[in-house]
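Sequential numbering from 14 applies to the sequence shown in the working numbering. Don't be surprised by glycine CBs; every beta carbon is placed ideally from N, CA and C.
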Amino acid sequence: MSRHRLAALATALVSTVALAACGGGASGGSGTTLSLVGFAVPKAGNNAAQAAFAQTDEGKGTTWKESYGASGDQSRAVANGLDADYVHFSLTPDVDRLVEAGLVADDWDSGANKGIVTDSVVVLVVRKGNPKNIQGWDDLVKPGVGIVTPNPGSSGSARWNILGAWQHVIANGGSEADAQAFLTKLVGNVKALPGSGRDATTAFQGGTGDVLISYENEAILARQNGEEIDYVVPSDTLKIENPAAVTEDADPKAEAFLDFVLSPEGQAEYVKKGFRPLESVEGVDVGEVEGANDPSDPFPTPEKLWTIDGDFGGWAAVNTKFFDEDAGIVTTILQESGNS
Numbered sequence: 014m015s016r017h018r019l020a021a022l023a024t025a026l027v028s029t030v031a032l033a034a035c036g037g038g039a040s041g042g043s044g045t046t047l048s049l050v051g052f053a054v055p056k057a058g059n060n061a062a063q064a065a066f067a068q069t070d071e072g073k074g075t076t077w078k079e080s081y082g083a084s085g086d087q088s089r090a091v092a093n094g095l096d097a098d099y100v101h102f103s104l105t106p107d108v109d110r111l112v113e114a115g116l117v118a119d120d121w122d123s124g125a126n127k128g129i130v131t132d133s134v135v136v137l138v139v140r141k142g143n144p145k146n147i148q149g150w151d152d153l154v155k156p157g158v159g160i161v162t163p164n165p166g167s168s169g170s171a172r173w174n175i176l177g178a179w180q181h182v183i184a185n186g187g188s189e190a191d192a193q194a195f196l197t198k199l200v201g202n203v204k205a206l207p208g209s210g211r212d213a214t215t216a217f218q219g220g221t222g223d224v225l226i227s228y229e230n231e232a233i234l235a236r237q238n239g240e241e242i243d244y245v246v247p248s249d250t251l252k253i254e255n256p257a258a259v260t261e262d263a264d265p266k267a268e269a270f271l272d273f274v275l276s277p278e279g280q281a282e283y284v285k286k287g288f289r290p291l292e293s294v295e296g297v298d299v300g301e302v303e304g305a306n307d308p309s310d311p312f313p314t315p316e317k318l319w320t321i322d323g324d325f326g327g328w329a330a331v332n333t334k335f336f337d338e339d340a341g342i343v344t345t346i347l348q349e350s351g352n353s
């Protein structure tokens, strides 16, 4: 327990930076500084939304202090005292932890968006030209394929990834024993388990492995930044839904920012960075998205798109079944592989 808390606080301290939205600099008494604590993947989208928010009457003069890291670590850091007005995590349970701690209202997810502010899907990122001819989940368990995926002990991104692999087997007629055997083979091909989704992307960009299991938006952003990679959207994959919430003692500007994020204008800023627009927000201008496989049709609908609530029974059931520290299926597979 203490190791997790120390890691969380260290991550938060190392990654905390001051960001002046839209170049406004530090507030000089007339502005408002908000503290954002989040998981690493949506930083570019958040920064774009912050800059756009600063151009509105409501957001004028707003500046930001930010801390980014692995979702679980960041959630534990806030629960243990890290200051936050606005949190943006990978998994709903990471916000629920703050509800239990009395830091976030228990009705935080009661809106039409159910607390979700960013959507994506699990994809397979490969080397330029796809030399290993990775086309879907089954290719990941072939001999000689090296995988990079973040560690599910600290990273929410990792949980999405590995659940997508599990559901691929189940949805195609396999038993739970078959799915467990598939995950065991997949883990056997893992070359690196970095602490966060962003760290996993960095490891892959540095030359580790043949395929990175990741968010679609991470692949698109990497290409926007000039990375020579390709990515494959499997024909069946998992919908990624990331939550955000305002803390109980937050400055009112934080609620205004959340409202902006859930507006068509706010969602459009995330779309530019590779996130899919929320279905609950109408009128989002998608347009062309640089870095997507097809910029004019950036978000193709997979043949089968799984969800945590619809196909797994919700996060409470998922965490007990797959990620329990003592008896979870994924926990056990990782321990037996020596990769935990």
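Suppose the cutoff is 6 Å on Cβ atoms and the five residues either side in sequence are ignored; what does the same chain contact list for residue i look like?
i	result
Asp223	Lys145, Val158, Gly159
Ala97	Ser48, Val50, Val91, Thr260
Glu154	Before going on, a small fix: residue 154 reads as Val here, not Glu. Taken in chain order, the residues that qualify are Lys198, Leu199.
Lys334	none
His181	Trp150, Asp249
Ile11	Within the shown structure, residues of the chain are numbered from 14 to 353, placing residue 11 beyond reach of any answer.
Asn143	Asp243
Gly341	Phe335
Thr131	Pro55, Asn255, Tyr283, Phe288
Glu301	Pro308, Ser309
Would you mind reading off the limits of the alpha helix (DSSP H) that contains residue i?
i	result
Thr214	210-218
Trp150	Segment: none, Trp150 is in no alpha helix (DSSP H) and carries neither H nor E.
Val284	277-285
Thr75	Not the alpha helix (DSSP H): Thr75 falls in the beta strand (DSSP E), residues 75-82.
Val331	328-336
Val343	342-350
Val112	105-113
Val274	265-274
Ser173	The question names Ser, yet the displayed sequence has Trp at residue 173. Taken as a continuous stretch (DSSP letters only), the alpha helix (DSSP H) holding Trp173 covers 169-184.
What's the call for residue i, buried or exposed, on a 16-neighbour Cβ count within 10 Å?
i	result
Ser133	buried
Lys266	buried
Pro256	buried
Asp170	Note on identity: in this sequence residue 170 is Ser, with Asp being the wrong assignment. Classification of Ser170: buried, given that the 10 Å Cβ count is 16 or more.
Thr75	buried
Asp86	buried
Asn59	buried
Gly220	exposed
Look at the alpha carbon of residue i and the alpha carbon of residue j, and state the distance between them as a whole number of angstroms.
i	j	result
Ala39	Gln63	Any reading at Ala39 is ruled out, since the residue's pLDDT is 37, under 50, leaving its predicted position unreliable.
Gly115	Asp122	15 Å
Ala258	Ala83	17 Å
Ile147	Leu318	19 Å
Val139	Asn202	15 Å
Ser167	Arg211	12 Å
Ser209	Phe102	12 Å
Gly187	Gln193	10 Å
Glu338	Asn174	18 Å
Phe52	Asn185	32 Å
Asp262	Ala65	24 Å
Pro315	Val245	11 Å
Asp264	Lys78	13 Å
Leu251	Asp310	19 Å
Gly124	Asp70	24 Å
Gly323	Leu104	16 Å
Gly37	Thr45	Bear in mind that the predicted position of Gly37 carries a pLDDT of just 34, short of 50, making it unreliable; the figure below should be weighed with that in mind. Taking the straight line from one Cα to the other gives about 11 Å.
Ile321	Gln68	36 Å
Glu189	Gly327	18 Å
Ser80	Asp152	36 Å
Could you pull out every residue in the same chain whose Cβ sits closer than 7 Å to the Cβ of residue i, ignoring the five residues on either side in sequence?
i	result
Thr372	A question about residue 372 goes unanswered here, because the residues of the chain that appear run from 14 up to 353.
Ala330	none
Phe217	Val138, Val161, Leu225
Val297	Pro277, Gln280, Ala281, Val284, Pro290
Ser293	Ala125, Asn126
Can you give me the start and stop residues for the beta strand (DSSP E) that residue i sits inside?
i	result
Lys47	Checking the displayed sequence, the identity of residue 47 turns out to be Leu instead of Lys. 45-52 is the span of the beta strand (DSSP E), which, as asked, contains Leu47.
Thr362	No answer is possible for residue 362: it lies beyond the span of the chain, which begins at 14 and ends at 353.
Asn255	249-259
Ala196	The sequence as given places Leu at residue 196; Ala does not occur at that position. No beta strand (DSSP E) contains Leu196, which is instead part of the alpha helix (DSSP H) from 189-201.
Lys155	That residue, Lys155, is in no beta strand (DSSP E); it is neither H nor E in DSSP.
Leu225	224-228
Among residues of its own chain, excluding the 5 on either side of residue i, which ones have a beta-carbon nearer than 8 Å to its beta-carbon?
i	result
Gly41	Here the model assigns Gly41 a pLDDT of 41, short of 50, so the residue's position is not dependable and the matter cannot be decided.
Gln237	Lys286, Gly287, Glu303, Gly304
Val112	Ala118, Asp119, Trp121
Closer than 7 Å: is that where the CB of residue i sits relative to any heavy atom of the ligand GTP?
i	result
Asn230	Among the components of this structure there are no ligands whatsoever, and the ligand GTP is therefore not found.
Would residue i count as contacting chain C if we go by Cβ distances under 8 Å?
i	result
Ala61	In summary, chain C is missing from the structure at hand, where a single protein chain is found.
Evaluate the contact criterion for the stretch 264-278 versus the stretch 104-115: three or more CB pairs, one atom per stretch, below 8 Å.
-> no
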